[in-house]
Amino acid sequence: MHYSYHLISEYKNPELICGIFPTLFPFGIGGFEDKWRNPAVSFEKHAKYFLELQNRQFRYHYFVIFIDFNVIQRRKAHLNVHLTVSSKQFDSVAKDLTSLTSDAWNSYQLLKEINTVAEKLPGSQTSKVQIRNKICSYFGYAGLPQLFFTFNPCAVHSPIFQVIYGDTSVDLNQMYPKLVPRHVRAYRLAQYPVAGAKFFEFSFQAAFQYLLGWDFEKVCSTDQGGVLGKLRAFFGNTELTERGEFHIHCEL
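First residue of the sequence shown: 108, per our numbering; consecutive thereafter.
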């Protein structure tokens, strides 16, 4: 394998992922963002496609999902992060930026006058501030929330997750289906995190649709409502536990 001291661009480079994972692309074709592919497919959509293939070598790979996510996250950072500065100090800040060196002692003073805007970058501090502002906007439109709860379905102990994983021996028609040992179930979740995400989305939508009476297609409460009556609005934010399982904090 040839190597070089020159950096390789991650943009418009169909050979990048093929070169990183030669066992997944043994013929060196099928890479991301190939200019000859018609219609063109984005990097993120192409990565999701590989994780949905019947051939599970992509979804079971230890590193490919992290590399793809890193590239997507970096691109969102490059696209959405920009600098804002007050108009009064624009000329002075622009001059300082053009003359800035690595050993500039006034860097901290410069950062006090510049705000980094990255609200569209998932996981960033400014994205959290944006979510908080959205919650406050909901308060002004729908009123204060009446209930706060955390929805935390456990994929490891769920027979539904085992079916999504691909275990055909699980019979969901039984009250207590027979499952594989716990360490095997935990290994399955770590091996196929996409199935864990699908299980969480299915459980969340089922709970809100059949328990709380929310219509996701019409984006409103059903005519019958749910166990708490008719919902006017709700807001939720998804997080990951230390065990790698999704949970969501909701306000109704």
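Glycine residues also receive a C-beta, built at the ideal position from the N, C-alpha and C atoms.
For the pair Gly-343 and Phe-258, the CB atoms are nearer than the 9 Å cut-off. The alpha carbon of Glu-349 has as its nearest neighbour, out of Ala-297, Leu-123, Leu-335, the alpha carbon of Ala-297. Of the candidates Ile-267, Tyr-272, Gln-312, Ile-267 places its Cα closest to the Cα of Asp-278.
Here the segment 177-188 lies against the segment 145-152, with 3 or more beta-carbon pairs under 8 Å apart. Here the segment 249-263 makes contact with the segment 303-315; the two share three or more CB pairs at distances below 8 Å. A direct Cα-Cα distance of roughly 10 Å separates Gln-164 from Thr-130.
Note on geometry: alpha-carbon atoms of Leu-254 and Glu-358 lie some 6 Å from one another. For Phe-170, no alpha helix (DSSP H) encloses it, and the DSSP letter there is neither H nor E.
The beta carbon of His-354 lies closer than 7 Å to those of Thr-257, Phe-258, Asn-259, Glu-346, Thr-348 in the same chain, with the five residues before and after it left out. In the three-state reduction of the DSSP assignment, Phe-258 falls in the strand class, which pools E and B.
Remark: C-beta atoms of Asp-322 and Arg-295 do not approach each other more closely than 9 Å.
Taking the CA atoms as reference points, Tyr-167 sits about 51 Å from Lys-202.
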